[in-house]
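Engineer:
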Amino acid sequence: MAMRRNLLVLLILLVCVAPGFAQDAAIQVSAIEIIGNQTTKEWVILRELQFDAEDRVTREELDRARLRLLSLGIFNNVRIDTDDEGVVTIQVSEQFRYIPVFDVSPVEGTINDALTKPGDAMKILVVTFGAADINHRGTSALAAATAQVGARTGFSLDYSSRWLSPSLPIVLRFGGRAVRVSNRHASVLGYELKSKSEVAYVEVATRRGAPSRIGLQFLY
29 MAMRRNLLVL
39 LILLVCVAPG
49 FAQDAAIQVS
59 AIEIIGNQTT
69 KEWVILRELQ
79 FDAEDRVTRE
89 ELDRARLRLL
99 SLGIFNNVRI
109 DTDDEGVVTI
119 QVSEQFRYIP
129 VFDVSPVEGT
139 INDALTKPGD
149 AMKILVVTFG
159 AADINHRGTS
169 ALAAATAQVG
179 ARTGFSLDYS
189 SRWLSPSLPI
199 VLRFGGRAVR
209 VSNRHASVLG
219 YELKSKSEVA
229 YVEVATRRGA
239 PSRIGLQFLY
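In terms of our numbering, the sequence shown opens at residue 29 and continues consecutively.
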C-alpha cells in the first residue's frame, strides 16, 4: 500500500515538473513563418530573432526575441509560437505608421502670459507642428518633418534608422535642422538680428540591444 502511495506521489511530481523541462528544452527550428506584417519588411523581423532555420533555440531565447521586436516601437503586439515539427510562427500586430507632432512652449514668460495678452502670444510662444512616420518604407526607420512658428521660426527634418543594411547590425541616423530667432528674442538672447542656427548631423553606432553602444557623431 505504501509503495502504491509513493508511486502515486512520484507520478504527480513528474506531471508537475515535466512542463518546466519541456519549456527549457531546446527545439530544432525547421522553418520560420511571419504573419501580420502588412508594411514591415521580413528582414527587419528576421534580424531581431538572432537565429535561423536549423538552429536550436530555447523558450527563453524566443522570449528575448519577442522583446527585441517590441523594442522596435512599431508593433502593438508580438506573439511567437512553435509546433511539434519545429516551425516557429511569429505573429505581429503593427502600429499605425503616421503620428502627428504638436507642441506649444513659451520662450519667455509662461503660457498664462500668452493667454492674458493674446496680442503678444506669438512673441511669447513657440508652436511646433508636423508629422512622423515611425515605420518608414517598412524598415522600422523614423522619418519626421516639423516646423516652428511664433517667437521662433524654422524647420526640422529627421531620419533615424535601426539598420544601415539588412546585413550590418548598426544604426545610421542623419538629419538637419534650421531655426531662426525672431528680432525681439534675438536681442533678448544676445544674438544678432534674425540669428540662424543650422545643424547637419550624421551618427553611426552599434544597434540597440548589442553588448556595447559605441559610435561617432559628426556635426556641421
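Virtual Cβ for every residue (Gly too), placed ideally from N, Cα, C.
Give every residue of the same chain whose Cβ lies closer than 7 Å to the Cβ of Ala149, excluding the five residues on either side of it in the sequence, and list them in chain order.
Structural biologist: Hits under 7 Å: Ala142.
Engineer: Between the alpha carbons of Val230 and Ile102, how many angstroms are there, rounded?
Structural biologist: Their backbone Cα atoms lie some 23 Å apart in a straight line.
Engineer: Can you give me the C-alpha to C-alpha distance between Ala228 and Thr117, rounded to a whole angstrom?
Structural biologist: In a straight line, the C-alpha of Ala228 is about 42 Å away from that of Thr117.
Engineer: Enumerate in chain order the residues of its own chain whose CB-to-CB distance from Ser121 is below 8 Å, with the five nearest sequence positions on each side excluded.
Structural biologist: Cβ within range, chain order: Gly64, Phe103, Asn104, Asn105 and Val106.
Engineer: What is the DSSP secondary structure of Thr144, reduced to helix, strand or coil?
Structural biologist: Three-state result, Thr144: helix.
Engineer: If contact is defined by three or more beta carbon pairs under 8 Å, each pair taking one atom from either stretch, is the segment 161-168 in contact with the segment 57-77?
Structural biologist: Judged by Cβ distances under 8 Å, the segment 57-77 makes contact with the segment 161-168, as three or more pairs qualify.
Engineer: What are the boundary residues of the beta strand (DSSP E) that Ile102 is part of?
Structural biologist: Ile102 -> no beta strand (DSSP E), and no H or E assigned at all.
Engineer: On the CB-based measure, 16 or more other CB atoms within 10 Å of its CB, does Gln56 come out buried or exposed?
Structural biologist: It counts as exposed.
Engineer: Determine the burial state of Arg84: buried for a count of at least 16 other Cβ atoms within 10 Å of its Cβ, exposed for fewer.
Structural biologist: Burial call: exposed.
Engineer: Straight-line CA distance for Asp109 to Asp91?
Structural biologist: If I take the Cα positions, the gap works out to 10 Å.
Engineer: Within 10 angstroms of the Cβ of Glu76, are there 16 or more other Cβ atoms? Answer buried if so, exposed if not.
Structural biologist: Glu76 comes out buried.
Engineer: Just tell me which of Val177, Ala172, Glu226 and Phe124 has its CA closest to the CA of Ser133.
Structural biologist: It is Val177 whose Cα lies nearest to the Cα of Ser133.
Engineer: Quick check: Ser188 and Gly158, are their CB atoms within less than 9 Å of each other?
Structural biologist: No, these two residues do not count as a Cβ contact at 9 Å.
Engineer: Return the Cβ separation of Val135 and Arg180 in integer angstroms, given the expectation that the two are a contact with Cβ distance under 8 Å.
Structural biologist: Contact holds; Cβ gap of about 6 Å.
Engineer: Near Val154, what residues of its chain come up, given a Cβ to Cβ distance below 7 Å and the 5 sequence neighbours on each side ignored?
Structural biologist: Answer for Val154: Ser133, Val135, Gln176, Gly178, Ala179 and Arg180, listed in chain order.
Engineer: Name the residue from Phe202, Thr138, Ala59 and Arg125 whose alpha carbon lies nearest to the alpha carbon of Glu82.
Structural biologist: Among Phe202, Thr138, Ala59 and Arg125, the Cα nearest to that of Glu82 is on Ala59.
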